[in-house]
Every structure is written in C-alpha cells, then in structure tokens.
Amino acid sequence: VVYETVKPTNALNHYVFEVSTDASAETGSWEATVSVGGAYFYKNIKVETIKPNRLKIRNSFNGNFLSGARANSNTITATWLHGAVAKDLKVDVQMKLSSQTTTFKGFDDYVFDDATRSFSSEEINLFSGKVNENGQATYNIAPNLQGAAPGMLKAAFITKVYEAGGDVSTDVASADFSPYETYLGLKTAGANRYGMLETGKPNTFAIVSVDDKGRSRANVPIDVKVYRMESRWWWDASSDNLSRYSAATSVTPYREFSTRTNASGKAAVALTVPNAEWGRFLIRVIDKNGGHATSQTIYIDSPSWYGKPAEIDGQSANMLVFSTDKKKYETGHKMHIYFPSSEGGRALISVENGTKVLKTYWAKTLKGETQVEIPVTANMAPNVYIHITLLQPHANTKNDSPIRMYGVVPVEVIDKNTILEPAVVMPSELKPDQSFNVKVSEKNGKAMTYTIAIVDEGLLDLTRFQTPNAWDSFYVREALGVRTWDLYDDVIGAYGGK
Numbered sequence: 059v060v061y062e063t064v065k066p067t068n069a070l071n072h073y074v075f076e077v078s079t080d081a082s083a084e085t086g087s088w089e090a091t092v093s094v095g096g097a098y099f100y101k102n103i104k105v106e107t108i109k110p111n112r113l114k115i116r117n118s119f120n121g122n123f124l125s126g127a128r129a130n131s132n133t134i135t136a137t138w139l140h141g142a143v144a145k146d147l148k149v150d151v152q153m154k155l156s157s158q159t160t161t162f163k164g165f166d167d168y169v170f171d172d173a174t175r176s177f178s179s180e181e182i183n184l185f186s187g188k189v190n191e192n193g194q195a196t197y198n199i200a201p202n203l204q205g206a207a208p209g210m211l212k213a214a215f216i217t218k219v220y221e222a223g224g225d226v227s228t229d230v231a232s233a234d235f236s237p238y239e240t241y242l243g244l245k246t247a248g249a250n251r252y253g254m255l256e257t258g259k260p261n262t263f264a265i266v267s268v269d270d271k272g273r274s275r276a277n278v279p280i281d282v283k284v285y286r287m288e289s290r291w292w293w294d295a296s297s298d299n300l301s302r303y304s305a306a307t308s309v310t311p312y313r314e315f316s317t318r319t320n321a322s323g324k325a326a327v328a329l330t331v332p333n334a335e336w337g338r339f340l341i342r343v344i345d346k347n348g349g350h351a352t353s354q355t356i357y358i359d360s361p362s363w364y365g366k367p368a369e370i371d372g373q374s375a376n377m378l379v380f381s382t383d384k385k386k387y388e389t390g391h392k393m394h395i396y397f398p399s400s401e402g403g404r405a406l407i408s409v410e411n412g413t414k415v416l417k418t419y420w421a422k423t424l425k426g427e428t429q430v431e432i433p434v435t436a437n438m439a440p441n442v443y444i445h446i447t448l449l450q451p452h453a454n455t456k457n458d459s460p461i462r463m464y465g466v467v468p469v470e471v472i473d474k475n476t477i478l479e480p481a482v483v484m485p486s487e488l489k490p491d492q493s494f495n496v497k498v499s500e501k502n503g504k505a506m507t508y509t510i511a512i513v514d515e516g517l518l519d520l521t522r523f524q525t526p527n528a529w530d531s532f533y534v535r536e537a538l539g540v541r542t543w544d545l546y547d548d549v550i551g552a553y554g555g556k
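This note's numbering applies: residue 59 is where the sequence shown begins, and numbers increase by one.
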C-alpha cells in the first residue's frame, strides 16, 4: 500500500484524492480501491517512467479520412514547444490498423460489416527519415494488408522525433482508413419488434452500394448467399453412468442469388422459408468486383413462436424475448414493454439497477401479446434492467413452452437535471512567474462542484489526452447487481429447459 487515507462525508458529496508517486516507484498497473460503507470500487491506474515531450508534432491529415484506393500522403511538422522550428531531426513513423464498426450517414439501419471475417491488428513501418530545415517531412501512406478486412479500419500513427542529444518526443494520431472503394449495406425489412421474420411468406432484404464516403454507387454486381445455422444438443451417457451435456452448431448453404444495384445504388432480394424449415439463417452479400462483403444473422419462425430466443438450444428454451418501445428514455416519460404471451398467465415485471430492485409490477397476460406501461423516474438513471418472469398455468402444455420463462433487457435513462456544461475563461498565453485568473461558470447557471488541474502540454501530447466528460464517467452504465433464483425448473410435469 503506497497511499491510504480516510475522508469524512461533506455537504457537497464531492471527494478529491491527490496521490503523489515517488521517483523510484515501481512502474506498471496500480490498483486504486475506494470503499464507501460496505461497497468497494476498483480502478486500474497505469504508472510509467515517462519524459514529457519537448517537441510539438502535427500531421497534415489531422484525423481526416484515408482511402486504400487512392494515393494518401502525410506531412509531419515538428516545432519546439516554445514555437521555434525543429530542424534536421530523425523521424520514425509506424501505423497500426484495427477493425471498427462501419457506418455511413443516412444508412443507420444498414449493416456494412462482415461477421464471417476477422481482422488481426497489423503494425506497419511507414517512414524513417529526417525533417527538413522547415521541420517538415512528407511520406506516402499505402499499406499492404495481409487479410480481407470486414469493413472500415482505424489507423493509428505513432510518430517519434529524435533530438540530437538522444531525447525523443512521441505523438499518436488516428484516422479512418478505407480498404475498399465500394461498400455494401444490408437491411432486414419487416422484422417484428422482437427481431424475427415470419415463415411462409416472402421476406425482403434491402441492399445498398456506396463509395467510401457514403455516396450511392450504381450498377454494382452482387452475390447473395444464404446459409442455414442449426444447433443440436444432447445428453451423453458414458460407462461411469454420468450424463454430460453436448452441443454443436452447423452451417450449411441454403440459397444463392445474383443481382445488381440500380442507378440509385439500391437492390432487394426476397427469401421465403417454409414453416418446416424455420430457424436461424446467415445472409451474406458480396461485391463481385471490389471484394467487400456484409452479413447478418436472422431468425425466421412461425408467428406463434415469437418470443423464443434466436439461439435455440436445450439451455435457452426457457428464455423470453421481449422489447421496449425505445432503448433510451428521459425522466418523466413512459416506458412501454411488449412481450408475447398466452391468455391466463401472470407476469412479474421487476425494475432493477446495480444494487437493488426499484419497483415490481404484476400483469395478467393476454392472448398473443401483453403490453405494460412503466413511468420513468429519476432514480432509474443512468440505467435500469427490466426483468420479466412469465408464468403460464401448470396445465397449459399446448404451446410446448416451460411453465416459467424469463428475460432481461437493459434500458438507458437520462436525467437532464444532472447534465452540467462548465465554462472556463482564462488567458490564452501564460508567462512564467506571473499569477493569472481563471473564471469558472456553468452555462445554464446551475450550481456545481469542480476541481482544476494544470498539466504540462508535453505530457498531454504523449497520448493526445483530451479532458473527459465527467458526466460520462459518473453516469456510466451500471452492471446488473440483482441476482434472482426460483424453483420452477424443478416443478414436476412442467418443461423447464431440458
């Protein structure tokens, strides 16, 4: 233990801990433990032996978009922190690529990433040389990828500039990198609020083709491949008379289509699945020319089976799939919950957070679907979990469902009264050995508690550190802290998931 203190509660309910590290302290991951009453909270803190940058390093792309289909270049500019040009210094640049979710403005409902492809992070040496007398060096960005990317990539540029005496200043910058000229997007149309499609009727899948900036691209030839995903589970009995649960998933080709996007960069295909062939399917769409692909897993079943999980196996048979009308609510509004049900049952709806059960409701179930309305209150922020236990009469076995089904859905709750917008007014330049004034206020005149930290710019540049939004940290999503047990799996004569 290198630091330990006890602070009494105060009227502001705001606590600041200033921890100093010794120059000879061990480096690595330290753990901070904060105990409040009987609750303990943990956070890892990185402790490193570092030297602040003495050079300011700028990149000409400045976070802009980079394309693998076009020539890209970057100009490095190095200056001393006091403003003078850094001349004739050695420079090394590495680029690290990693995958990210591909999105385009105006196509929020479309999937542009291929779940069947994985991309391992790659490090590429881009440049080794010197800056000129103006403190600048220019190099080309043309990485040779070793594997097919699932979609758009994130490129991190690690630039090191070496002083004549051996000291080094480091800068890390990032930009989006596009390995394809054309991207295909896939959207499932007609799914119900539980995310399922119906058997016995045509289900339409919308396809769009866009360039790497999200502009429609016409006449792109496309292959559409549909695979059926089946799960099997069983109990093995061995010579020791012990049973063991086993499971396996198989993927087999189901259908194939060929099509082409029209002049507006749009296309559609329809898939009809007979009632007897219900299940999970993988829809994969491939650009014949450019190589980009996108894929999506869907569940198709008879309407009478809505509420079943998409992962059908022996362990998930008693899981209930339900939905809310929105994923995010503001306090003072109403939350609507929908779940499939049969007539004559009962549902226990429990609103829970990271520490306790906030509210419970009983509802009588209706034929087909039951709807429950819940008021959204301030004590639900930043999020709650809706836990439903659905009970059907013991004598009801026609729907082949367990006597008890259950499910949990997270819901984000925003209390706008907790959002603060601090404003800081101070001189843009500071002179050594002179005092200065800092004015702190809140944009809307709200009372707030705050701390002020003054940090060397050379330290911040090591990681391009940006001041975090305190609200995002204090109102981060909480994990479900309520654990629930019951005995319904052991009720004789009822199906409980085996």
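We put the beta carbon where it would ideally sit given N, CA and C, even for glycine.
Everything numeric in this text was worked out from a predicted model, so none of it was measured.
Taking the alpha carbon of residue i as the point to measure from, which residue in the options has its own alpha carbon closest?
| i | options | result |
| --- | --- | --- |
| Thr319 | Pro279, Thr262, Lys163 and Gly465 | Pro279 |
| Ile407 | Arg541, Gly465, Thr389 and Pro361 | Gly465 |
| Arg286 | Lys271, Thr330 and Gly248 | Thr330 |
| Trp529 | Glu515, Asn475, Pro485 and Leu488 | Asn475 |
| Gly390 | Tyr98, Glu427, Ala129 and Glu431 | Glu431 |
| Ser156 | Thr310, Ser93, Phe235 and Ala505 | Phe235 |
| Met484 | Ser499, Leu478, Val471 and Ile477 | Ser499 |
| Leu449 | Asp270, Asp383, Ala436 and Pro398 | Pro398 |
| Thr196 | Ala213, Arg175 and Lys148 | Lys148 |
| Lys114 | Thr160, Ser227, Leu203 and Gly402 | Ser227 |
| Tyr252 | Val415, Phe75, Ile356 and Glu401 | Ile356 |
| Ile216 | Asn277, Ser186 and Thr428 | Ser186 |
| Pro260 | Ser360, Asp167, Val169 and Ile199 | Ser360 |
What's the C-alpha gap between residue i and residue j?
| i | j | result |
| --- | --- | --- |
| Leu255 | Val284 | 15 Å |
| Ala368 | Asp150 | Only weak support exists for where Ala368 lies, its pLDDT of 49 falling under 50; the coordinates are left without a value. |
| Gly349 | Ala206 | 8 Å |
| Ile444 | Tyr396 | 11 Å |
| Ile446 | Thr79 | 49 Å |
| Gly224 | Asn190 | 18 Å |
| Gly248 | Thr63 | 59 Å |
| Glu314 | Asp172 | 17 Å |
| Ser322 | Val282 | 19 Å |
| Phe532 | Thr161 | 28 Å |
| Glu76 | Thr91 | 14 Å |
| Tyr100 | Ser93 | 9 Å |
DSSP beta-bridge partners for residue i?
| i | result |
| --- | --- |
| Arg404 | Lys422 and Leu449 |
| Ala328 | Thr262 |
| Leu139 | None, per the DSSP bridge assignment. |
| Asp530 | None; Asp530 has no bridge partner. |
| Arg338 | Met287 and Tyr357 |
| Met484 | None; Met484 has no bridge partner. |
| Met210 | Beta-bridge pairing links Met210 to no other residue. |
| Thr196 | Thr133 |
Put residue i into one of helix, strand or coil per three-state DSSP.
| i | result |
| --- | --- |
| Asn333 | helix |
| Thr389 | coil |
| Asn271 | The question names Asn, yet the displayed sequence has Lys at residue 271. Three-state result, Lys271: coil. |
| Lys417 | strand |
| Asp359 | strand |
| Asp491 | coil |
| Ala368 | Note that Ala368 has pLDDT 49, beneath the 50 cutoff, so the model's placement of it is unreliable and the number below is only indicative. Three-state DSSP puts Ala368 in coil, outside helix and strand. |
| Thr217 | strand |
| Tyr546 | helix |
| Lys384 | coil |
| Thr476 | helix |
| Asn130 | strand |
| Asn102 | strand |
| Leu147 | coil |
| Ala511 | coil |
| Ala249 | coil |
| Ala436 | helix |
| Leu244 | strand |
| Leu155 | strand |
| Gly187 | strand |
| Gly516 | helix |
| Tyr396 | strand |
Mind checking whether the beta-carbon of residue i lies closer than 7 Å to any heavy atom of the ligand ZN?
| i | result |
| --- | --- |
| Asp491 | This structure lacks the ligand ZN, and indeed carries no ligand of any kind. |
Is residue i buried or exposed, if buried means 16 or more other CB atoms sit within 10 Å of its CB?
| i | result |
| --- | --- |
| Gln492 | exposed |
| Tyr61 | exposed |
| Tyr73 | exposed |
| Lys504 | exposed |
| Asn411 | buried |
| Phe339 | buried |
| Met210 | buried |
| Asp548 | exposed |
| Asp166 | exposed |
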